[in-house]
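Scroll down for the structure; my scribbles are underneath it.
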Amino acid sequence: MRRAGSLERRAIEDDDFSERCSTASKHEGTYEGTAGQVFSSATLVQRAQKKVLSKVASRGVVKHFVSDAATRLFDNLCTLLKCYYNKSVAEKVVKNIVKLVVKLSVVARGEHFAVEQQSQLAIVQRQVHHLCLTVLSFGKVAYSYDRNYLLTILDETHKKLLPLVTCCLSEKSRRRLDMIFEHLSKEQLLDSFFRVDGEHSALLSQVVSDLETLVDSNDL
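Now the structure itself:
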């Protein structure tokens, strides 16, 4: 049992993920990424899971960590980020999100959290739920968007995730977390996304739909 736990912990901390998206068959929700490769969050999630699970000795860890609605949300987020950042940066942000989600899921579902960490996880889950409801509200109710309020929620989410990632994952994972929130908290990016009848209205509608699915299914 100790041997299995050690292997599982090393699998969580291992950050040797491939930084390029593998070429995949084109389907809805994919697009051409860096160097002509097709970027797909679903493909990335699958590869991240396989990378972690291939080193996990215990079979108590569940096979799937991310739902279809979540992968669609990641793809839409990447599309949005490409409007503000270049492709490589946009893809890197989403890759980092996927990696952290998968790794924290492995730790949580493998029951490796101590009591204090379980309490912190519950705090994080409530905060993420609050963030999603805030985005849903801004997306569904015209002119309800409040930039300062959303920036505050993003900052609080970052701060509540930080001790959990620092305690359970690697320093590289902590840097990934910082990078994610640095790039998601740009005022111009948020303003353009929530602008009423703006260029991202269709994308915002898709994000709202996926978030509603995640909230309704308690998949957060």
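In this text, residue positions in the sequence shown follow numbering that gives the first Met the number 0: the first is 0, and each later residue adds one.
In this text, a Cβ means the ideal position worked out from N, Cα and C, and glycines have one as well.
Please list the segments of the beta strand (DSSP E) lying wholly inside the stretch 112-192, counting only runs of 3 or more residues, in order along the chain. Runs of the beta strand (DSSP E) inside the stretch 112-192: none found.
Tell me the DSSP secondary structure of VAL206 in three-state form. Start at 1 with the first residue of the sequence shown, and residue 206 comes out as number 207. Residue state, collapsed to three classes: helix.
Buried or exposed for GLN119, please, with buried defined as at least 16 other CB atoms from any protein chain shown within 10 angstroms of its CB. Within the sequence shown, numbered from 1, the residue matching residue 119 stands at position 120. By the neighbour-count criterion, in which a residue is buried when 16 or more other Cβ atoms sit within 10 angstroms of its Cβ, GLN119 is buried.
Status (buried if at least 16 other CB within 10 Å, exposed otherwise) for ASN95: Here residue 95 is taken as the residue at index 96 of the sequence shown, counted from 1. So ASN95 counts as buried.
Given a threshold of 16 other Cβ atoms within 10 Å of its Cβ, counted over all protein chains shown, does CYS167 qualify as buried or as exposed? Start at 1 with the first residue of the sequence shown, and residue 167 comes out as number 168. With 16 or more neighbouring CB atoms inside 10 Å of its own CB, CYS167 falls in the buried class.
Out of LEU99, ASN75, ASP67, ILE152, which one is the CA nearest neighbour of THR165? Translated into positions along the sequence shown, residue 165 becomes position 166. Of LEU99, ASN75, ASP67, ILE152, the residue nearest in Cα terms is LEU99.
Neighbourhood of ILE152 by C-beta, 7 Å cutoff - its chain only, sequence neighbours within 5 removed: For this step, residue 152 is matched to residue 153 along the sequence shown. HIS129, LEU130, THR133, listed in sequence order.
Touch test, the stretch 156-164 against the stretch 194-213, Cβ-Cβ under 8 Å, three pairs minimum: A contact between stretches requires three or more CB pairs, one per stretch, nearer than 8 Å, and the stretch 156-164 fails this requirement with the stretch 194-213.
Local conformation of ASP67 per DSSP, three classes: Working through the sequence shown from its first residue, we reach residue 67 at position 68. Reduced to three states, the DSSP call for ASP67 is helix.
For the 8 Å Cβ check, are there 3 or more pairs between the stretch 67-74 and the stretch 173-181? In short, these stretches do not touch, since the Cβ pair count stays below three.
Rounded straight-line distance, which links the Cα of VAL123 to that of GLU211: The residue given as residue 211 occupies position 212 in the sequence shown. The residue given as residue 123 occupies position 124 in the sequence shown. Approximately 19 Å between the Cα atoms of the pair.
Reduced DSSP category for SER200 - H, G, I as helix; E, B as strand; rest coil: By 1-based counting over the sequence shown, the position of residue 200 is 201. In the structure shown, SER200 sits in a helix (DSSP, three-state: H, G or I).
Counting only the same chain and skipping the five closest in sequence on each side, list residues whose C-beta sits under 7 Å from that of SER136. For the purposes of this step, residue 136 is taken as the residue at position 137 of the sequence shown. Cβ within range, chain order: SER143.
Please classify ARG125 as buried or exposed, where buried requires at least 16 neighbouring CB atoms within 10 angstroms. Counted from its first residue, the sequence shown places residue 125 at position 126. Looking at its Cβ environment, which holds fewer than 16 other Cβ atoms inside 10 Å, ARG125 is exposed.
Under 8 Å by Cβ, that's how I've got SER191 and HIS182 pegged, so tell me the actual separation to the nearest angstrom. As a first step, residue 191 must be located in the sequence shown, where it is residue number 192. As a first step, residue 182 must be located in the sequence shown, where it is residue number 183. Incorrect: roughly 14 Å between the Cβ atoms, too far for contact.
GLU27, DSSP secondary structure in three states: For this step, residue 27 is matched to residue 28 along the sequence shown. Low local confidence applies: a pLDDT of 40 at GLU27 is under 50, so the model's placement there is unreliable, and no value is given.
Exposure label - ASN217; buried when at least 16 CB within 10 Å: As a working mapping, residue 217 is identified with position 218 in the sequence shown. Exposed is the call here.
Quick one: give me the first and last residue of the alpha helix (DSSP H) that VAL195 is part of. Locating residue 195 in the sequence shown gives position 196, counting from the first residue. It is not in any alpha helix (DSSP H) - VAL195 carries neither H nor E in the DSSP assignment.
Reference LEU160; option with closest CA among ALA141, ASP215, ALA121: Position 161 of the sequence shown, counted from the first residue, corresponds to residue 160. Out of ALA141, ASP215, ALA121, ALA121 has the C-alpha closest to the C-alpha of LEU160.
Are the CB atoms of VAL195 and ALA141 nearer to each other than 8 Å? For the purposes of this step, residue 195 is identified with residue 196 of the sequence shown, where counting begins at 1. For the purposes of this step, residue 141 is identified with residue 142 of the sequence shown, where counting begins at 1. Closer than 8 Å, so yes.
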